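Protein chains in written order, with the numbering used here: chain A, 1 to 385; chain B, 386 to 648.
Using N, Cα and C, we set each Cβ at its ideal position, and we do this for glycine too.
Owing to the predicted nature of the structure, the values given are computational and were not obtained by experimental measurement.
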Ligand code: SF4
Ligand code: SF4
């Protein structure tokens with residue numbers, strides 16, 4: 001089946017080339033980082049996790065969202081999703097790959113990565129995060145590939161994938177829950193120390209991932225002969241709507257708890273994000289942009305006549321994706337360190353090499369996705385023809 | 386040819402020696418318990434603790450800007466002197482009251498307390514979050530005496546422990562620390578670190594195991610630092626704690642810090 005990835009038009013190849021160049025630049029910067037150490041990033045003693053871990057956190061959500069097409073199709077027999085489950089699974093494969101790459105580029109000693117397996121430490125959430133992420137990658141790669149091969153032969157998929165599919169559903173929830181636990185279980189980091197963290201992560205995941213999937217479906221419909229079908233997109237857009245409402249609601253719950261209790265530690269993070277704290281306001285424009293995007297998204301998603309309008313739906317999906325990206329992929333992680341444990345502010349601004357490495361990892365992920373989607377769509381076109 | 390034969394004999398000799406040593410190794414390996422013999426002089430305690438008598442400390446700080454403990458600790462452990470505050474490494478350091486005790490500080494505290502810096506170091510917590518989160522056991526609690534240890538050679542540099550420690554007691558080597566050491570000052574009996582690993586105070590476990598007090602305690606001329614076993618009712622630390630009111634940092638977090646402050 002892989003041969004399908006090698007037969008493509010000029011647009012396909014230039015896309016791959018562009019992505020490859022970006023990941024090459026990222027890789028070169030990573031080599032520099034290996035040589036110099038993480039001092040080439042903007043991180044510091046006070047803000048010891050930065051952009052890399054934030055991207056990882058956001059992308060876990062994108063990965064987990066595959067379950068939003070798999071679950072209705074396999075558990076509730078929503079036929080419309082049959083055509084796009086593979087797209088959801090392959091999106092998960094590329095998103096999890098990016099997550100793992102972001103963890104690797106964030107390590108001070110990446111050559112010692114295997115220590116996590118050589119000295120398994122069940123009391124560390126990071127150990128479990130490794131387990132669930134790798135497991136999820138494996139599940140989606142195997143399920144996606146097997147189901148697609150069967151589809152190509154126009155046969156039902158082999159019986160042994162069924163249990164894997166069922167396992168993959170709670171597993172998707174686990175990757176995001178465990179990632180939330182990375183933050184939610186730390187004493188002294190008030191901004192993260194909230195029992196609702198995992199729920200918030202899941203809500204935003206089920207909004208951001210499917211909205212990306214909708215955008216990809218539109219793109220695929222325009223560029224290839226494969227049509228994911230309007231009803232699949234319509235169903236997905238409903239999922240995005242409910243998930244986005246829940247996500248905003250959960251955020252408001254946090255804000256209520258912080259500001260009604262008036263406990264300083266719980267308020268400071270939000271104050272830093274939205275108003276600036278002790279003269280530091282690095283995140284303020286981004287966080288307000290995130291709020292504006294979320295409001296736009298809700299206005300366009302909630303009334304059905306807007307949601308069912310393709311143009312508006314596209315805008316809404318972009319707003320959801322970037323709004324949540326700013327919240328999780330820019331704000332959440334850094335704010336946990338500001339103010340720091342001494343109640344001081346050390347601002348964090350990512351450096352150019354750090355951004356290049358980040359972009360390189362994203363490009364690698366999209367490269368993998370482009371190839372996998374090419375194969376999947378090739379098969380779909382072939383059986384239709 | 387001549388040289389080759391010599392090499393051959395040498396290797397052969399070593400191999401024979403090695404083989405004859407094998408039964409000894411096996412016998413040693415089968416033995417249960419520690420694989421080395423502890424120094425009989427080693428200090429013994431079930432949970433080490435430190436008392437910092439701030440009155441004595443402040444007197445010295447005023448008198449001669451005393452930093453004896455910091456200098457002693459950082460010198461003996463090859464702690465690099467990195468000027469950039471964002472990337473610095475510190476095992477024991479001075480911090481203002483309102484930053485050391487952000488949850489207890491109030492504006493009506495005595496001027497003296499508000500204005501004078503406190504001596505901070507790793508608290509060797511009874512229930513340390515840094516140990517809980519470390520995915521490789523590079524940070525671990527020594528079972529015999531509760532020292533929170535750091536294995537520089539195992540650490541993968543994930544910095545989870547830094548997010549976990551609520552006391553800012555851990556430093557990360559953002560770059561190679563060695564250029565920040567003066568070659569003539571390097572202590573050859575203690576390892577230097579490399580980039581990409583975390584480090585912190587280890588209560589001088591290497592000195593305790595030889596029967597010595599921690600370097601900072603030894604360096605303090607006025608005995609403002611007192612070290613001892615807090616589980617032993619007859620120890621000096623216990624006597625002081627039962628006679629004075631003392632403070633610990635962020636006790637509401639339940640980590641059980643073992644550094645006490647007398648004011
Ligand atoms: S003070 Fe920080 S580094 Fe030291 S034991 Fe406690 S949590 Fe760990
Ligand atoms: S940085 Fe090192 S010591 Fe800290 S949690 Fe990671 S592996 Fe453990």
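Among the options, which one has its Cα closest to the Cα of residue i?
| i | options | result |
| --- | --- | --- |
| residue 403 of chain A | A/155, A/28, A/149, A/227 | Missing from the structure shown is residue 403 of chain A; chain A here goes from 1 to 385 and no further. |
| residue 640 of chain B | B/552, B/576, B/595 | B/552 |
| residue 323 of chain A | A/83, A/207, A/346 | A/207 |
| residue 241 of chain A | A/118, A/298, A/153, A/73 | A/298 |
| residue 40 of chain A | B/559, B/646, B/583 | B/559 |
| residue 510 of chain B | B/603, B/534, B/599 | B/534 |
| residue 83 of chain A | A/285, A/256, A/147, A/23 | A/147 |
| residue 432 of chain B | B/615, B/572, B/454, B/610 | B/615 |
| residue 319 of chain A | A/125, A/305, A/336, A/291 | A/291 |
| residue 507 of chain B | B/629, B/423, B/436, B/443 | B/436 |
| residue 478 of chain B | B/624, B/513, B/555 | B/555 |
| residue 458 of chain B | B/610, B/608, B/601 | B/601 |
| residue 249 of chain A | A/204, A/304, A/22 | A/204 |
| residue 468 of chain B | B/564, B/592, B/588 | B/564 |
| residue 125 of chain A | A/26, A/304, A/186, A/201 | A/186 |
| residue 244 of chain A | A/200, A/275, A/274 | A/200 |
| residue 21 of chain A | A/378, A/356, A/3 | A/356 |
| residue 349 of chain A | A/103, A/33, A/47 | A/47 |
| residue 308 of chain A | A/362, A/232, A/26 | A/232 |
| residue 365 of chain A | A/59, A/32, A/38 | A/59 |
| residue 456 of chain B | B/632, B/631, B/599, B/528 | B/599 |
| residue 193 of chain A | A/246, A/258, A/78, A/225 | A/258 |
Buried or exposed: which applies to residue i, given that a residue is buried once 16 or more other Cβ atoms fall within 10 Å of its Cβ?
| i | result |
| --- | --- |
| residue 49 of chain A | buried |
| residue 376 of chain A | buried |
| residue 386 of chain B | With a pLDDT of 44 at residue 386 of chain B, under the threshold of 50, the modelled position of this residue cannot be trusted, and the question is left open. |
| residue 374 of chain A | buried |
| residue 574 of chain B | exposed |
| residue 476 of chain B | buried |
| residue 635 of chain B | buried |
| residue 482 of chain B | buried |
| residue 520 of chain B | buried |
| residue 10 of chain A | exposed |
| residue 354 of chain A | buried |
| residue 266 of chain A | buried |
| residue 643 of chain B | buried |
| residue 578 of chain B | buried |
| residue 295 of chain A | exposed |
| residue 380 of chain A | buried |
| residue 386 of chain A | The structure shown has nothing for residue 386 of chain A, since chain A only spans 1 to 385. |
| residue 568 of chain B | exposed |
| residue 387 of chain A | Nothing about residue 387 of chain A can be reported from this structure: the residues present for chain A run from 1 to 385 only. |
| residue 114 of chain A | exposed |
| residue 230 of chain A | exposed |
| residue 384 of chain A | exposed |
| residue 609 of chain B | buried |
| residue 645 of chain B | buried |
| residue 24 of chain A | exposed |
With DSSP as the reference, identify every bridge partner of residue i, one or two as the case may be.
| i | result |
| --- | --- |
| residue 613 of chain B | B/434 |
| residue 477 of chain B | B/506 |
| residue 631 of chain B | B/647 |
| residue 208 of chain A | Paired residues: none, contrary to the question. |
| residue 533 of chain B | B/526 |
| residue 557 of chain B | B/583 |
Can you check the region 110-153 of chain A for any alpha helix (DSSP H) of at least 4 residues that lies completely inside it and give the ranges in chain order?
115-118, 125-152
Can you confirm whether the region 335-348 of chain A touches the region 61-77 of chain A when touching is taken to mean that 3 or more C-beta pairs between the two stretches lie within less than 8 Å?
no
Does the count of Cβ pairs from the region 457-467 of chain B and the region 488-501 of chain B closer than 8 Å reach three?
no
If you pair each beta-carbon of the region 154-172 of chain A with each one of the region 224-239 of chain A, do three or more pairs fall below 8 Å?
no
To test your reading of the DSSP string, which unbroken alpha helix (DSSP H) runs of 4 or more residues are found completely within the region 445-503 of chain B?
List check, alpha helix (DSSP H) in window: 453-461, 482-485, 496-500.
Whole alpha helix (DSSP H) runs in the region 255-288 of chain A with 4 or more residues, listed along the chain?
The region 255-288 of chain A contains these whole alpha helix (DSSP H) runs: 264-274.
Segment contact flag, the region 539-553 of chain B with the region 216-228 of chain A, C-beta cutoff 8 Å, min 3 pairs
no
Contact between the region 527-544 of chain B and the region 578-593 of chain B is defined here as three or more beta-carbon pairs at a separation below 8 Å; is this criterion met?
yes
Any contact between the region 76-94 of chain A and the region 5-23 of chain A? By contact I mean 3 or more CB pairs, one from each, below 8 Å.
no
Say whether the region 171-180 of chain A touches the region 128-144 of chain A, bearing in mind that this needs 3 or more beta-carbon pairs closer than 8 Å, one atom from each stretch.
yes
Counting beta carbon pairs with one atom in the region 612-626 of chain B and one in the region 427-447 of chain B, are three or more of them shorter than 8 Å?
Taking one beta carbon from each stretch, the region 427-447 of chain B and the region 612-626 of chain B have 3 or more pairs nearer than 8 Å; the two touch.
Looking at C-beta atoms only, is the number of pairs between the region 443-451 of chain B and the region 494-513 of chain B that lie closer than 8 Å three or more?
yes
For the pair the region 275-288 of chain A and the region 241-260 of chain A, tell me if three or more CB-CB distances fall below 8 Å.
no
Completely contained alpha helix (DSSP H) runs for the region 302-340 of chain A, where each covers 4 or more residues
304-307, 310-324
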